[in-house]
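**Student:** Numbering (the UniProt record's numbering), first residue to last: 1 to 466.
C-beta atoms are modelled at their ideal positions from N, C-alpha and C, and glycine is treated no differently.
My structure is below; once you've seen it, I'll send some questions.
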């Protein structure tokens with residue numbers, strides 16, 4: 001009965017996890033305080049349920065969590081630093097009426113909100129390691145990501161083609177004529193689609209035949225199976241997402257996608273032992289079909305024109321980042337407090353950036369350094385580097401096709417957002433950041449999950465080896 005109860009709890013946690021994963025992009029990409037609070041509350045409840053089952057010995061801590069302890073400690077250290085930012089005094093002589101100005105954080109409520117979100121991110125990463133404990137669940141998670149991406153792609157494209165121009169239950173007021181899905185900013189839909197495409201391409205690679213067809217009959221059978229089977233449906237899903245990506249007209253979003261796909265594909269050919277010919281054909285076809293066919297019919301030339309042209313928007317971004325860089329120079333080590341960019345930037349901006357209000361820097365790297373300083377940004381960088389290295393190890397060492405090939409997703413995601421983050425703030429959008437964390441967690445799942453292990457992590461203590 002104990003094992004049955006723990007299994008039910010494990011299934012409940014996994015199903016709830018998938019629901020949250022699919023729902024995250026819907027309310028404006030969680031880019032609203034009320035949406036962030038709901039997300040954090042749900043994640044904390046799921047984490048509390050697992051902790052309760054763990055405390056009464058109905059479950060054990062999966063080994064993958066132990067293996068990822070340095071990455072996990074990196075995330076935890078960032079949250080500890082945010083607490084320090086809120087309470088550490090900068091002077092022993094406080095100003096009577098403005099004591100909050102003497103802490104590292106220049107906007108304590110905003111830093112507190114960032115702390116809640118950061119703790120939710122950390123719990124979400126741990127939950128991913130806990131609930132995705134079998135190849136079956138791993139595959140299901142990736143299909144949920146693909147399904148969510150297809151929905152965003154279809155919804156965003158239809159809003160443009162029909163002229164309805166709706167966001168999440170409200171009419172769009174910006175980016176008319178561009179696909180935005182349920183996000184506010186077209187660049188954030190582009191970032192989310194690239195993450196979902198990384199998951200879908202990894203699934204496609206994992207479904208490739210590892211052996212070479214020796215007869216024409218076998219070759220014909222495989223072609224027919226591809227055209228009528230699940231691989232064709234998956235490829236169609238990828239095409240739908242690429243169409244929407246092009247229709248966002250996001251310059252760096254499209255650049256990041258094609259660049260990361262090409263770089264990741266080349267890395268896989270170099271890292272994987274004896275790569276199959278199918279892998280080479282797949283990567284080549286993805287690039288060729290997406291650029292020539294999809295781009296021709298759905299406006300890729302407009303994206304190219306926007307990349308070549310220097311617009312007022314581009315010039316404004318550069319000027320904003322120049323003034324924002326001065327914020328970093330003034331507080332290089334400790335930062336100004338997480339979430340404090342929007343309230344502190346007006347003191348640095350000049351008239352040449354126009355009347356627009358900037359709640360984020362158009363550069364994720366710069367914003368992290370401004371708000372968290374070098375002290376708070378270094379652990380985040382370490383976390384990403386460790387995940388990238390772990391994915392490379394999984395790609396090199398695993399023999400099971402799914403576990404080996406799924407490491408393509410975190411590699412592509414890291415490269416893509418690494419490129420896109422130079423001109424935008426995808427990682428400041430909670431839905432994109434949480435999805436990115438999900439894919440990074442798959443690095444550790446791919447390396448340390450036992451092949452074919454469908455058992456839940458909620459095994460009883462009696463079942464553990466002594």
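1. With distances taken from CA atoms, which of 358, 207, 339 and 59 is nearest residue 115?
2. So, helix, strand or coil for residue 346, using DSSP?
3. For residue 60 and residue 261, what's the separation of their Cα atoms in angstroms?
4. Within 10 angstroms of its Cβ, does residue 79 collect 16 or more other Cβ (buried), or is it exposed?
5. Should residue 392 and residue 271 be called a contact, given that it needs their Cβ atoms to be closer than 8 Å?
6. Indicate whether residue 439 and residue 117 have their beta-carbon atoms separated by less than 8 Å.
7. For residue 348 versus residue 64, is the C-beta distance shorter than 8 Å?
8. Determine the extent of the alpha helix (DSSP H) in which residue 435 is found, giving its start and end residues.
9. Whose CA, out of 10, 408, 71 and 246, lies closest to the CA of residue 154?
10. Sorted by chain position, which residues of the same chain lie with C-beta nearer than 8 Å to residue 124's C-beta, five sequence neighbours on each side aside?
11. If we call anything under 8 Å between Cβ atoms a contact, is residue 550 one with residue 201?
12. Would you list the residues sitting across from residue 103 in a DSSP beta bridge?
13. What residue does the alpha helix (DSSP H) around residue 393 start on, and which one ends it?
14. With distance defined between alpha-carbon atoms, name the residue in 120, 89 and 389 nearest to residue 105.
15. Using the Cβ count rule (16 or more neighbours within 10 Å means buried), how would you classify residue 237?
16. Here's the rule: buried if 16 or more other CB atoms are within 10 angstroms of the residue's CB, otherwise exposed. What is residue 135?
17. Pull the bridge partners of residue 171 from the DSSP assignment, please.
18. Can you tell me the Cα-Cα spacing of residue 68 and residue 380, whole angstroms?
19. If contact is defined by three or more beta carbon pairs under 8 Å, each pair taking one atom from either stretch, is the stretch 400-417 in contact with the stretch 20-36?
20. Pull up the distance between the alpha-carbon of residue 16 and that of residue 127, whole angstroms please.
21. In chain order, what residues of the same chain have a beta carbon less than 6 Å from the beta carbon of residue 231, not counting five sequence neighbours either side?
22. For residue 370, is the classification buried or exposed, using 16 other Cβ atoms within 10 angstroms of its Cβ as the cut-off for buried?
23. Excluding five sequence neighbours on each side, which residues of the same chain lie with their C-beta closer than 6 Å to the C-beta of residue 509?
24. Under three-state DSSP, which class holds residue 408?
25. Given a threshold of 16 other Cβ atoms within 10 Å of its Cβ, counted over all protein chains shown, does residue 326 qualify as buried or as exposed?
26. Select from 385, 341 and 346 the residue whose C-alpha is nearest the C-alpha of residue 364.
27. When we look at the beta-carbon of residue 387 and count the other beta-carbons within 10 Å, is it buried (16 or more) or exposed?
28. Mind checking which residues open and close the alpha helix (DSSP H) that includes residue 64?
29. Tell me whether residue 58 sits in a helix, a strand or coil according to DSSP, three-state version.
30. In the structure shown, what three-state DSSP assignment does residue 249 receive?
31. In terms of alpha-carbon separation, which member of 243, 346, 37 and 52 lies closest to residue 431?
32. Could you give the distance in angstroms between the alpha-carbon of residue 198 and the alpha-carbon of residue 102?
**Tutor:** This is what the structure gives:
1. Here residue 115 corresponds to residue number 115 of the chain shown, with the count starting at 1. Comparing Cα positions, the closest option is 339.
2. Position 346 of the chain shown, counted from the first residue, corresponds to residue 346. It is helical.
3. To locate residue 60, count along the chain shown from 1; it is residue 60. To locate residue 261, count along the chain shown from 1; it is residue 261. Distance between the alpha carbons of residue 60 and residue 261: 37 Å.
4. Position 79 of the chain shown, counted from the first residue, corresponds to residue 79. Taking all protein chains in view, the Cβ of residue 79 is crowded by 16 or more other Cβ atoms within 10 Å, so the residue is classified as buried.
5. Along the chain shown, one-based indexing puts residue 392 at 392. Along the chain shown, one-based indexing puts residue 271 at 271. A contact, by the Cβ cut-off of 8 Å.
6. Counting from 1 along the chain shown, the entry for residue 439 is found at position 439. Counting from 1 along the chain shown, the entry for residue 117 is found at position 117. It is not a contact, given that the beta carbons lie outside the stated cut-off.
7. The residue labelled residue 348 in the question sits at position 348 within the chain shown. The residue labelled residue 64 in the question sits at position 64 within the chain shown. Contact: no.
8. For this step, residue 435 is matched to residue 435 along the chain shown. Per DSSP, residue 435 belongs to the alpha helix (DSSP H) from 430-448.
9. Walking along the chain shown from the start, residue 154 turns up at place 154. Nearest option by C-alpha distance: 246.
10. Residue mapping note: residue 124 aligns to position 124 of the chain shown, counting from 1. The answer, listed in chain order, is 43, 434, 437 and 438.
11. Any property of residue 550 remains undetermined from this structure, which presents the chain solely from 1 to 466.
12. As a position in the chain shown, residue 103 is number 103, starting the count at 1. Paired residues: 89.
13. Locating residue 393 in the chain shown gives position 393, counting from the first residue. The continuous alpha helix (DSSP H) containing residue 393 extends over residues 364-397.
14. Counted from its first residue, the chain shown places residue 105 at position 105. Of the listed residues, the one whose Cα sits closest to residue 105 is 89.
15. Taking the chain shown and counting its residues from 1, the one referred to as residue 237 is at position 237. Flag for residue 237 reads buried.
16. Against the chain shown, residue 135 aligns to sequence position 135. Residue 135 comes out buried.
17. As a position in the chain shown, residue 171 is number 171, starting the count at 1. According to DSSP, which records beta bridges pairwise, residue 171 is partnered with 166.
18. What you label residue 68 is simply residue 68 of the chain shown in a count that begins at 1. What you label residue 380 is simply residue 380 of the chain shown in a count that begins at 1. Between residue 68 and residue 380, the C-alpha separation is close to 14 Å.
19. no
20. As a first step, residue 16 is located in the chain shown; it is residue number 16 there, counting from the start. As a first step, residue 127 is located in the chain shown; it is residue number 127 there, counting from the start. A straight-line Cα-Cα distance of about 11 Å links residue 16 and residue 127.
21. The residue labelled residue 231 in the question sits at position 231 within the chain shown. Result list for residue 231: 207, in chain order.
22. Stepping through the chain shown from its first residue, residue 370 is reached at position 370. Flag for residue 370 reads buried.
23. The question about residue 509 has no answer, for the chain in this structure spans 1 to 466.
24. As a position in the chain shown, residue 408 is number 408, starting the count at 1. Correct three-state label for residue 408: helix.
25. Counting from 1 along the chain shown, the entry for residue 326 is found at position 326. Counting Cβ neighbours within 10 Å, residue 326 comes out exposed, since fewer than 16 surround it.
26. Position 364 of the chain shown holds residue 364. Ranking the options by Cα distance to residue 364, first place goes to 341.
27. For this step, residue 387 is matched to residue 387 along the chain shown. Classification for residue 387: buried.
28. As a position in the chain shown, residue 64 is number 64, starting the count at 1. Residue 64 -> alpha helix (DSSP H) spans 63-67.
29. The residue given as residue 58 occupies position 58 in the chain shown. The answer is coil: DSSP assigns residue 58 none of H, G, I, E or B.
30. Position 249 of the chain shown, counting from 1, holds the residue named residue 249. Coil.
31. The residue given as residue 431 occupies position 431 in the chain shown. Of the candidates 243, 346, 37 and 52, the one whose C-alpha sits nearest the C-alpha of residue 431 is 37.
32. Translated into the one-based positions of the chain shown, residue 198 becomes position 198. Translated into the one-based positions of the chain shown, residue 102 becomes position 102. Roughly 44 Å separates the two Cα atoms.
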